[in-house]
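The structure appears right after this line, and notes come after that.
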Amino acid sequence: MPALLVGLTGGIASGKSTVAGLLAGHGAVLIDSDELAHAVVAPGTDGLARVVERFGPGVLRSDGALDRPALGRLVFSDERARADLNAIVHPAVRARAAELVAQAPADAIVVRVIPLLVETGQEADFDVVVVVDAPESVQVERLMGRSGLTDEDARSRVVAQASRAERLAAADFVIDNSGTPDQMAARVARLWSELVERAGARGDAE
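Per full-length UniProt numbering: the sequence shown = residues 1 to 206.
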């Protein structure tokens with residue numbers, strides 16, 4: 001097991017990837033659930049076959065890969081459909097993540113980036129939970145800018161996740177992503193110092 005296992009989460013378009021990248025720069029071992037979620041439904045996988053079986057061939061592109069925008073339109077407007085998709089993807093992602101955690105060096109601080117950490121009740125699985133926080137209006141603006149979504153579609157994706165209050169209630173540390181890049185870098189540097197201290201204290205206790 002690593003020296004410290006950290007769960008990093010936040011709402012959609014809150015800045016999780018930025019924080020994860022900064023932590024990696026400090027030396028964290030990153031395991032990104034979004035990347036794993038892509039891998040477990042890649043062409044030829046059992047995961048993709050199960051998605052097509054549930055949602056139909058309309059969620060495939062002409063090259064046989066998953067058409068994520070098409071699937072997104074289905075699941076973000078239908079709670080049952082979203083639950084069905086999660087039931088296919090999440091177990092496979094967790095299994096692969098567990099393999100990667102087990103392979104990490106004993107002195108590593110492993111950061112698992114999990115957008116739906118709170119929604120899936122995984123808080124107790126980690127030594128530390130870090131929440132990247134941004135106002136809903138900022139999330140919507142970023143989603144519209146980067147994905148070309150309408151205001152309505154962007155808001156539907158934000159509200160499909162846990163509320164801001166629910167995420168903050170699960171946090172051991174909160175990274176406020178409402179300032180400048182330099183301010184963000186400074187906040188993450190302070191967080192890293194805290195994580196290193198906790199990892200050392202944990203090692204001493206063992």
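Quick reminder that beta carbons are idealized off the backbone N, C-alpha and C, glycines included.
None of the values given here were measured: they were computed from a predicted structure.
Among A124, V93, A185, A65, which residue has its Cα nearest to the Cα of I31?
V93
Where in the stretch 75-137 do unbroken runs of the alpha helix (DSSP H), each at least 4 residues long, occur, reported from the N-terminal end onward?
79-103
Using a Cβ-Cβ cutoff of less than 7 Å, which residues in the same chain neighbour F126 once the five nearest sequence positions on both sides are dropped?
L5, V6, G7
Under 8 Å: do the stretch 105-120 and the stretch 65-75 share three or more Cβ pairs, one atom per stretch?
no
Based on the DSSP secondary-structure assignment, which residues constitute the bridge partners of F173?
V130
The alpha helix (DSSP H) with V59 in it runs from where to where?
Element bounds for V59: n/a, residue is neither H nor E.
Collapsed DSSP secondary structure at V29 in the structure displayed
strand
Would you mind reading off the limits of the alpha helix (DSSP H) that contains V159?
151-159
Helix, strand or coil, according to DSSP, for T18 in the structure here?
helix
Do you know how far the Cα of G200 is from the Cα of A104?
17 Å
Close-in-space but distant-in-sequence residues of the same chain around E123 (CB under 8 Å, 5 per side omitted)
G7, L117, V129, A170
Own chain partners of A162 with C-beta closer than 7 Å, once the 5 adjacent residues on each side are dropped:
V118, E119
Select from D63, R164, R187, D107 the residue whose C-alpha is nearest the C-alpha of L22.
R187
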